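**Student:** Sharing a structure here in structure tokens format.
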Amino acid sequence: MGKLFIAMYHYTRDLVHSRYPKIKGLDIKLFEEQLQFFKNKFCVVTMEEVLDAVEAGGTFPENALLLTFDDGYIDNFTVALPLLQKYGLQGSFFIPGKTFEENVLLDVNKIHFILASAPLEPLKSDLLDLLNQFRGDKFPKYPSNNELYEHYAVRSRFDSKDVIFVKRILQTAIPENIRSEIASILFEKYVGLSEGDFSRELYMNRDQIRCLKANGMFIGLHGYDHYWLGNLSQEEMENDIKKALEVMDEFIDRKRWVMNYPYGSFNKDVVNYIARQGCRLGLTTEVRVADLEMDDRYQFPRLDCNDFPPKSERYLQV
14 MGKLFIAMYH YTRDLVHSRY PKIKGLDIKL FEEQLQFFKN KFCVVTMEEV LDAVEAGGTF
74 PENALLLTFD DGYIDNFTVA LPLLQKYGLQ GSFFIPGKTF EENVLLDVNK IHFILASAPL
134 EPLKSDLLDL LNQFRGDKFP KYPSNNELYE HYAVRSRFDS KDVIFVKRIL QTAIPENIRS
194 EIASILFEKY VGLSEGDFSR ELYMNRDQIR CLKANGMFIG LHGYDHYWLG NLSQEEMEND
254 IKKALEVMDE FIDRKRWVMN YPYGSFNKDV VNYIARQGCR LGLTTEVRVA DLEMDDRYQF
314 PRLDCNDFPP KSERYLQV
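Each position in the sequence shown, counted from 1, maps to that position plus 13 in our numbering.
This is the structure in structure tokens:
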């Protein structure tokens, strides 16, 4: 069946002229240049073609590439969709159900915009202070600040160890009710906008998702609450995916849908459960080129959009 490059996008917007130029996304100008590069150098395939190849043992042409977009941001609709149409390409969009069902700002996005708005050292200091304030007899216990920092402050491909520390503390390292409250406190201080109003500006609504599908785009699951699914109990994990399937029902084929694991987090129980629910393919955040003959269909790796020109040529090295 051959190799498959899978490109991963999040924000696609006019970064330079936006209110949050530090948000980690791909600028509209660079996004169009990248689509032109893909059009000239790759054979961009649809998700349906990928599913057909996986299920029936088909083959791909050399340099086959799939475009994926995570999190359901409005700029995927206002920026990405028109450019995909311009170049005759399909994108696959993976949308957390809570974003359009409840108009609630996800913690993952609170963190993005806190980091895009706050100087890192004062933010880190505030976070450590808040961790101390919530560490008491009334709250669930969690490790000391030094222990948390030693464990979670690990540099990634694109972030410093302090940035990763902030992300991991507010994503998964401490109890959900505490990290969510801390994220809201920091969001109010550094961003200073209503979370409800902000969510309505940030995410696509149901009508816009319908428009994506009507224009030939593929819609898949990205959980409901954008949890680290691999860290949840069996019951919590199943409940999150059930809710996602319910709210995404009109956009997917319940017998042949695709899962994109939030944060790339999954385990054997997650895979077994989604397979029983009709999932036919799973996308991770592992960084390499997918091999349709060797890779487990529920663990396909992806490359970041920053791994391709005009940002870099790292795609040649993985």
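Ideal Cβ positions, reconstructed from N, Cα and C, are used throughout, including at glycine. None of the values given here were measured: they were computed from a predicted structure.
On the CB-based measure, 16 or more other CB atoms within 10 Å of its CB, does Ala-196 come out buried or exposed?
**Tutor:** Result: buried.
**Student:** Tell me which residues share the same chain as Ser-130 and place their Cβ nearer than 6 Å to its Cβ, disregarding the 5 neighbours each side in the sequence.
**Tutor:** Closer than 6 Å at Cβ, skipping near neighbours: Tyr-203 and Val-204.
**Student:** Mind checking which residues open and close the alpha helix (DSSP H) that includes Tyr-286?
**Tutor:** From DSSP, the alpha helix (DSSP H) with Tyr-286 extends over 281-289.
**Student:** What first and last residue would you give for the beta strand (DSSP E) that runs through Asn-53?
**Tutor:** No beta strand (DSSP E) holds Asn-53; the alpha helix (DSSP H) holding it covers 41-54.
**Student:** Start and end of the alpha helix (DSSP H) containing Cys-292?
**Tutor:** No alpha helix (DSSP H) contains Cys-292, which is instead part of the beta strand (DSSP E) from 292-296.
**Student:** Closer than 6 Å: is that where the CB of Glu-214 sits relative to any heavy atom of the ligand SAM?
**Tutor:** Among the ligands in the structure shown, none appear at all, so the ligand SAM cannot be discussed.
**Student:** Check each candidate in Glu-160, Phe-147 and Asp-238 and name the one with the smallest Cα separation from Asn-116.
**Tutor:** Asn-116 has its Cα closest to that of Asp-238, out of Glu-160, Phe-147 and Asp-238.
**Student:** Excluding five sequence neighbours on each side, which residues of the same chain lie with their C-beta closer than 6 Å to the C-beta of Phe-200?
**Tutor:** Once the five neighbours on either side are set aside, the close Cβ partners of Phe-200 are Lys-123 and Ile-127.
**Student:** Between the stretch 151-160 and the stretch 179-190, do three or more beta carbon pairs fall short of 8 Å?
**Tutor:** In short, these stretches touch, since the Cβ pair count reaches three.
**Student:** Keeping to the same chain, check which residues put their C-beta closer than 8 Å to that of Pro-323; ignore five residues upstream and five downstream.
**Tutor:** So the list reads Leu-43, Glu-46, Gln-47 and Phe-50, once near-sequence residues are dropped.
**Student:** What separation, rounded to the nearest whole angstrom, lies between the Cα atoms of Val-303 and Phe-313?
**Tutor:** It is worth fixing the name first, because residue 303 is Ala in this sequence and not Val. Rounded to the nearest angstrom, the two C-alpha atoms are 6 Å apart.
**Student:** What residue does the beta strand (DSSP E) around Leu-17 start on, and which one ends it?
**Tutor:** That run of the beta strand (DSSP E) goes 16-22.
**Student:** Would you tell me roughly how many angstroms separate the C-alpha atoms of Leu-245 and Asn-53, rounded to the nearest one?
**Tutor:** Between Leu-245 and Asn-53, the C-alpha separation is close to 43 Å.
**Student:** Which value, in whole angstroms, describes the spacing of the CA atoms of Leu-94 and Glu-160?
**Tutor:** Going from the Cα of Leu-94 to the Cα of Glu-160 covers about 44 Å.
**Student:** Cα-Cα, which of Cys-292, Asp-172, Cys-56 and Arg-267 is closest to Gln-103?
**Tutor:** When only C-alpha atoms are compared, the closest one is Cys-56.
**Student:** In terms of DSSP beta bridges, what is Val-57 paired with?
**Tutor:** For Val-57, which the question treats as bridged, DSSP gives the partners Leu-78.
**Student:** State the Cα-Cα distance for the pair Thr-298 and Gln-221, rounded to the nearest angstrom.
**Tutor:** When rounded, the distance between both Cα atoms is 26 Å.
**Student:** I'd like the span of the alpha helix (DSSP H) that includes Phe-126, first residue to last.
**Tutor:** Note, Phe-126: alpha helix (DSSP H), 120-130.
**Student:** Excluding sequence positions up to five away, which residues of its chain have a Cβ less than 8 Å from the Cβ of Tyr-165?
**Tutor:** So the qualifying residues of the chain are Ile-177, Phe-178, Arg-181, Ile-182 and Ala-186.
**Student:** Provide the residue(s) that pair with Val-271 in DSSP beta bridges, ordered along the chain.
**Tutor:** Leu-294, per the DSSP bridge assignment.
**Student:** Please state whether DSSP places Leu-234 in a helix, a strand or coil.
**Tutor:** DSSP places Leu-234 in strand when its eight states are reduced to three.
**Student:** Suppose contacts are defined by Cβ-Cβ distances below 7 Å. Is Gly-291 in contact with Lys-268 by that definition?
**Tutor:** For Gly-291 and Lys-268, yes; Cβs fall inside 7 Å.
**Student:** Could you pull the DSSP bridge partners for Thr-25 from this structure?
**Tutor:** For Thr-25, which the question treats as bridged, DSSP gives the partners Leu-39.
**Student:** Between the stretch 56-70 and the stretch 22-36, are three or more C-beta pairs nearer than 8 Å?
**Tutor:** No contact exists between the stretch 56-70 and the stretch 22-36.
**Student:** Grouping DSSP H, G and I as helix and E and B as strand, with all else coil, what is Ser-105?
**Tutor:** Residue state, collapsed to three classes: strand.
**Student:** Would you mind giving the Cβ-Cβ distance between Phe-107 and His-235, rounded to the nearest angstrom? I have them listed as a contact below 8 Å.
**Tutor:** Between His-235 and Phe-107 the Cβ distance is about 4 Å, and since that is below 8 Å, they are a contact.
**Student:** Determine, using beta carbons only, whether Glu-175 and Leu-133 come nearer to each other than 7 Å.
**Tutor:** For the sequence presented, residue 175 should be read as Asp rather than Glu. In contact: Asp-175 and Leu-133 (Cβ atoms closer than 7 Å).
**Student:** Can you find the residues in the same chain that come closer than 8 Å, C-beta to C-beta, to Leu-316, ignoring five residues on each side of it along the sequence?
**Tutor:** Result list for Leu-316: Phe-18, Ile-19, Ala-20, Met-21, Val-300, Arg-301, Val-302, Arg-327, Tyr-328 and Val-331, in chain order.
**Student:** Run through the DSSP bridge pairs and tell me what Phe-313 is partnered with.
**Tutor:** Phe-313 is bridged to Leu-296.
**Student:** If you measure between the beta carbons of Tyr-276 and Trp-241, is that distance less than 7 Å?
**Tutor:** Yes, the pair counts as a contact, with Cβ atoms nearer than the cut-off.
**Student:** Kindly indicate which three-state DSSP category Asp-266 falls into: helix, strand or coil?
**Tutor:** Coil.
**Student:** Taking Cβ positions, are Val-271 and Leu-294 nearer each other than 7 Å?
**Tutor:** Result yes, Cβ atoms of Val-271 and Leu-294 sit closer than 7 Å.
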